[in-house]
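**Q** In the numbering used here, the protein residues as written are 12 to 198.
Okay, here's the structure, questions in a sec.
Rendered as structure tokens:
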């Protein structure tokens with residue numbers, strides 16, 4: 012799929028098919044995280060792949076009862092280990108780690124879309140419950156849950172309303188706009 016189309020097509024999908032996703036596609040998705048920018052080339056994200064139905068159900072429960080999560084055959088739990096980053100960057104490590112996790116997650120979501128799969132970035136969950144369920148050490152931060160599945164095709168995808176570029180893009184200083192900014196660049 013052409014890159015601009017992948018960006019345009021990527022949406023949060025919450026209705027999943029029971030069709031199995033081949034493990035080689037899961038590996039491709041995880042590998043896409045390796046291509047995200049990292050401060051000092053220190054890779055902080057850690058990925059836990061969950062395929063056990065009971066664990067998926069328990070994770071869905073811990074994710075504020077978002078039960079659709081359990082319908083996906085795979086979950087990728089994105090965590091961060093800031094140990095090395097903290098040694099190199101001190102107080103900035105936490106901020107860099109969040110940025111790095113976000114970059115890795117977006118790479119994975121775009122890869123999921125390019126493979127014709129469905130997902131949803133899940134950020135609402137009880138971190139301590141997730142840590143307990145998956146035996147995640149205390150110093151590791153849980154960043155997101157990424158369900159990976161084929162779409163059930165029943166979820167209606169509505170056009171996402173987006174602001175004009177002139178409302179989110181400033182020149183020279185915050186709040187300063189230009190009249191000649193196009194409303195939208197169609198990809």
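All residues carry an ideal CB built from backbone N, CA and C; glycine is no exception.
Every value quoted in this text rests on a predicted model; they were computed, and no experiment measured them.
Which stretch, first to last residue, makes up the beta strand (DSSP E) that contains residue 171?
**A** Premise fails: residue 171 is in no beta strand (DSSP E) and is neither H nor E.
**Q** Which of the three DSSP states, helix, strand or coil, is assigned to residue 198?
**A** With a pLDDT of 44 at residue 198, under the threshold of 50, the modelled position of this residue cannot be trusted, and the question is left open.
**Q** How many Å lie between residue 57 and residue 160 at the Cα?
**A** Each residue's alpha carbon lies about 20 Å from the other.
**Q** Note down, in chain order, each residue of its chain lying with its Cβ closer than 7 Å to the Cβ of residue 28, except the 5 sequence neighbours on either side.
**A** Here the set comprises 160, 161, 162, 163.
**Q** For residue 158, count neighbouring Cβ atoms within 10 angstroms of its own Cβ and tell me buried if that reaches 16, exposed if not.
**A** Label assigned to residue 158: buried.
**Q** What does the alpha-carbon distance come out to for the pair residue 46 and residue 65?
**A** If I take the Cα positions, the gap works out to 32 Å.
**Q** Taking 8 Å as the threshold (C-beta atoms), are residue 147 and residue 90 in contact?
**A** In contact: residue 90 and residue 147 (Cβ atoms closer than 8 Å).
**Q** Considering residue 88, what are the terminal residues of the alpha helix (DSSP H) in which it resides?
**A** Where residue 88 is concerned, there is no enclosing alpha helix (DSSP H), although the beta strand (DSSP E) it sits in stretches over 85-91.
**Q** Within 10 angstroms of its Cβ, does residue 198 collect 16 or more other Cβ (buried), or is it exposed?
**A** Because the pLDDT of residue 198 is 44, which lies under 50, any placement of that residue in the model is unreliable, and the number read from its coordinates should be weighed accordingly. By the 10 Å Cβ count, residue 198 comes out exposed.
**Q** Taking the alpha-carbon positions, what's the residue 181 to residue 175 distance?
**A** Distance between the alpha carbons of residue 181 and residue 175 is about 12 Å.
**Q** Counting beta carbon pairs with one atom in the stretch 16-31 and one in the stretch 126-133, are three or more of them shorter than 8 Å?
**A** The stretch 126-133, when compared against the stretch 16-31, does touch it at the 8 Å Cβ threshold.
**Q** Just the C-alpha distance for residue 151 and residue 190, rounded to the nearest angstrom, thanks.
**A** Between residue 151 and residue 190, the C-alpha separation is close to 47 Å.
**Q** Could you give the distance in angstroms between the alpha-carbon of residue 177 and the alpha-carbon of residue 184?
**A** Computed Cα separation, rounded: 13 Å.
**Q** Give the straight-line distance between the Cα atoms of residue 63 and residue 179, rounded to the nearest whole angstrom.
**A** Each residue's alpha carbon lies about 42 Å from the other.
**Q** Helix, strand or coil: which one does DSSP assign to residue 190?
**A** Of the three classes helix, strand and coil, the one that applies to residue 190 here is coil, per DSSP.
**Q** Let me know the beta strand (DSSP E) ranges lying completely inside the stretch 45-86, each 3 residues or longer, listed in chain order.
**A** Counting only runs of 3 or more, we get 56-61.
**Q** With a 10 Å radius around its C-beta and 16 neighbouring C-beta atoms as the bar for buried, classify residue 99 as buried or exposed.
**A** With fewer than 16 Cβ atoms within 10 Å of its Cβ, residue 99 is classed as exposed.
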